[in-house]
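*Asks:*
In the working numbering, the protein residues as written are 91 to 397.
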């Protein structure tokens, strides 16, 4: 990063860069970014804001039940104040980053704000959950863990509620666990046919910037139209002259003209039309692979040079 990007990174601590950034920003610019930031954190449509509200409501309701209903002392409100102070401190630090580190074009749209803010929300959700479990445990009828047994309940009703709730939570957690496992397996099965995985099985990734002219033949029209395949090809082969194409329904002359605009052809999956055109014009039975474009057709190669 330091070699390629000579300018100071927005995540790098550099007092001199901060001074230069602040010197070039007026109070009006800072005010605009601040107004935008306040709108973001006070918007109920913001996912991070919903997380903050969830943490506060959960601990307040739990405090109310344990303190006023069960008549047990707890430190949930004190813990909530500490968590909210950490939210405030972190939000101020994120705002400061937008002011002193980010370019104005990124700062005014709060680029990546949800990602930054949500990281603190997730951390405090974990802390709130740990605090709540401890408070619930101390609020049990028998606070001494070693003394607890089958008779350590306030009443038969409370014992029944506790046992049924435990069974329900175990069943609920088990269902979620299997759902998550099946989801991961499904994603893994999909990833096997994703373009980056297919390319990695064919050749190594180029790490040196080059200007090789590469035609990426993709059978997925949607990936070509939304430029996903083109971006993957550019980054994988590290060239600014990589084009993805799916449609090869054309005359022999047009096909030949398009083919000879490139130095290399990459075919991750067999493309019926492209294969048929190559066989028709050059009498070559190709399916998948990496090929160098020559006057007489395609020559199979193991990789594309990074120069």
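C-beta: ideal position from N, C-alpha, C; glycine also. Owing to the predicted nature of the structure, the values given are computational and were not obtained by experimental measurement.
So, for residue 336: in the same chain, excluding its five sequence neighbours on each side, which residues have a beta-carbon less than 6 Å away from its beta-carbon?
*Replies:* Here the question's residue 336 lines up with position 246 in the chain shown. Once the five neighbours on either side are set aside, the close Cβ partners of residue 336 are 308, 311, 314.
*Asks:* Quickly, what does DSSP pair residue 390 with across the bridge? List them, please.
*Replies:* Position 300 of the chain shown, counting from 1, holds the residue named residue 390. Bridge partners of residue 390: 381.
*Asks:* Quick one: Cα of residue 348 to Cα of residue 366, how far?
*Replies:* Along the chain shown, one-based indexing puts residue 348 at 258. Along the chain shown, one-based indexing puts residue 366 at 276. Taking the straight line from one Cα to the other gives about 15 Å.
*Asks:* Taking buried to mean at least 16 other C-beta atoms within 10 Å of its own C-beta, is residue 431 buried or exposed?
*Replies:* Because the chain spans 91 through 397 in this model, residue 431 falls outside it and cannot be assessed.
*Asks:* So, is residue 166 buried or exposed, given that buried needs 16 or more other C-beta atoms within 10 angstroms?
*Replies:* Numbered from 1 along the chain shown, position 76 holds the residue referred to as residue 166. It counts as buried.
*Asks:* So the alpha helix (DSSP H) residue 396 belongs to, where does it begin and stop?
*Replies:* Here residue 396 refers to the residue found at position 306 when the chain shown is read from its first residue. Taken as a continuous stretch (DSSP letters only), residue 396 belongs to no alpha helix (DSSP H), as it is neither H nor E.
*Asks:* Using the C-alpha atoms, what's the distance from residue 389 back to residue 369?
*Replies:* Your numbering for residue 369 matches position 279 in the chain shown. Your numbering for residue 389 matches position 299 in the chain shown. The straight-line gap from Cα to Cα measures roughly 13 Å.
*Asks:* Compute the Euclidean distance between the alpha carbons of residue 304 and residue 322, then round it to the nearest angstrom.
*Replies:* Your numbering for residue 304 matches position 214 in the chain shown. Your numbering for residue 322 matches position 232 in the chain shown. Cα-Cα distance, rounded: 12 Å.
*Asks:* Can you list, in chain order, the residues of its chain whose CB lies under 6 Å from that of residue 269, leaving out five sequence neighbours each side?
*Replies:* One-based indexing of the chain shown puts residue 269 at position 179. Once the five neighbours on either side are set aside, residue 269 has no close Cβ partner at all.
*Asks:* Report all residues from its chain with a CB closer than 6 Å to the CB of residue 361; omit the five preceding and five following residues, and keep chain order.
*Replies:* As a position in the chain shown, residue 361 is number 271, starting the count at 1. Within the same chain, and ignoring the five residues on either side of residue 361 in sequence, the residues whose Cβ sits closer than 6 Å to its Cβ are 307, 309.
*Asks:* Report yes if the C-beta distance between residue 169 and residue 149 is below 8 Å; otherwise report no.
*Replies:* To locate residue 169, count along the chain shown from 1; it is residue 79. To locate residue 149, count along the chain shown from 1; it is residue 59. Yes, the Cβ-Cβ distance between residue 169 and residue 149 is below 8 Å.
*Asks:* Ignoring anything shorter than 4 residues or poking outside the stretch 178-229, list the alpha helix (DSSP H) runs there in chain order.
*Replies:* 194-197, 203-228
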